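Student: One structure coming up, written as structure tokens, with questions to follow.
Numbering (the working numbering), first residue to last: 1 to 264.
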């Protein structure tokens, strides 16, 4: 009974995981090789691309905004993989982080990110996951997963917030307990820790940030952040079931197809 995600080890992306192997309320497990959650794929090596090519991925859905793609580079994908751009607003996380780092000014960095401001940026982003545009795009992605004959990979920049919410919803939709779906969400901290710490060390060594720890609230996931979205969902829809039906517009047939495709 594996209750954590399987990491797919790549050189150019650190938070790539198969969401198979989670046990549902009925005692079945989510299938491996069906859904992969990831961070951005723009820095993949040739060997990484080759490895992705062995996973049966037919579609890659990119939740990044145009600014993120421009700043970080387009995905590097195996030949024949369908790339879908489905931008979901990150609440300014990327732009405000870039602005703070780019200023190279400790006073401005403190003003932008200090005194709880970084945490507030994150909470705004999670509230936005329940907005109409984001909800429509999460819904379409779930429908894509329900209909996908092969594997589907979806990702954002860090693979933790938009991708984290998407997976938290998807797992519960097929009967994985909330506590387990939450555990999957929180695993981003484990997989991202070394990479995130290295970035902070580089910024300090290069004299770009005197206090790179200002970035930590933007680099992590937390129960507190997730609960902002959960509370917003309950406020708008009452409970998770109504969020699936009324918010995401998923009918019983779609949920059944999703279950048949992902659980077995």
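Virtual Cβ for every residue (Gly too), placed ideally from N, Cα, C.
Since we're looking at a predicted model, the values are computed, not measured.
Which full runs of the beta strand (DSSP E) of 3+ residues lie inside the region 57 to 98, going along the chain?
Tutor: Counting whole runs of 3 or more residues, the region 57 to 98 contains the beta strand (DSSP E) stretches 57 to 62 and 82 to 85.
Student: With distances taken Cα to Cα, identify the nearest neighbour of residue 66 among 51, 45, 92 and 46.
Tutor: 92
Student: So, with DSSP's three-state summary, where would you put residue 39?
Tutor: coil
Student: Can you grab the Cα-Cα spacing for the pair residue 244 / residue 204, in whole Å?
Tutor: 44 Å
Student: Tell me the DSSP secondary structure of residue 30 in three-state form.
Tutor: It is a strand residue.
Student: Using three-state DSSP, classify residue 11 as helix, strand or coil.
Tutor: coil
Student: Can you tell which of 40, 26 and 90 has the C-alpha that lies nearest to the C-alpha of residue 162?
Tutor: 90
Student: If we count Cβ pairs, one from each stretch, closer than 8 Å, do we get three or more for the region 175 to 193 versus the region 71 to 88?
Tutor: no
Student: Spell out the partners DSSP gives residue 6 in its beta bridges.
Tutor: Bridge partners of residue 6: 18.
Student: Are there 16 or more other CB atoms within 10 angstroms of the CB of residue 25, so buried, or fewer, so exposed?
Tutor: exposed
Student: I need the boundaries of the beta strand (DSSP E) containing residue 243, first residue and last residue.
Tutor: Element bounds for residue 243: n/a, residue is neither H nor E.
Student: Taking the continuous alpha helix (DSSP H) assigned at residue 205, which residues delimit it?
Tutor: 178 to 205
Student: In whole angstroms, what separates the C-alpha of residue 186 from that of residue 240?
Tutor: Roughly 19 Å separates the two Cα atoms.
Student: Among the candidates 160, 214 and 235, whose CA atom is the shortest distance from the CA of residue 191?
Tutor: Just measuring C-alpha positions, the residue of 160, 214 and 235 sitting nearest residue 191 is 160.
Student: Can you tell me which of 8, 103 and 263 puts its alpha carbon nearest to the alpha carbon of residue 50?
Tutor: Put simply, of 8, 103 and 263 the residue whose alpha carbon is nearest the alpha carbon of residue 50 is 8.
Student: Quick check: the Cα distance between residue 155 and residue 29, rounded to an integer number of angstroms?
Tutor: When rounded, the distance between both Cα atoms is 23 Å.
Student: I believe residue 144 touches residue 61 by the beta-carbon criterion, under 8 Å. Please report the beta-carbon distance rounded to the nearest angstrom.
Tutor: 7 Å
Student: Kindly confirm or deny that the region 10 to 20 and the region 29 to 48 touch, where touching means at least three C-beta pairs closer than 8 Å.
Tutor: yes
Student: Quick check on the DSSP output: the beta strand (DSSP E) that includes residue 154 runs from which residue to which?
Tutor: 151 to 155
Student: Residue 146: buried (16+ other C-beta within 10 angstroms of its C-beta) or exposed?
Tutor: buried
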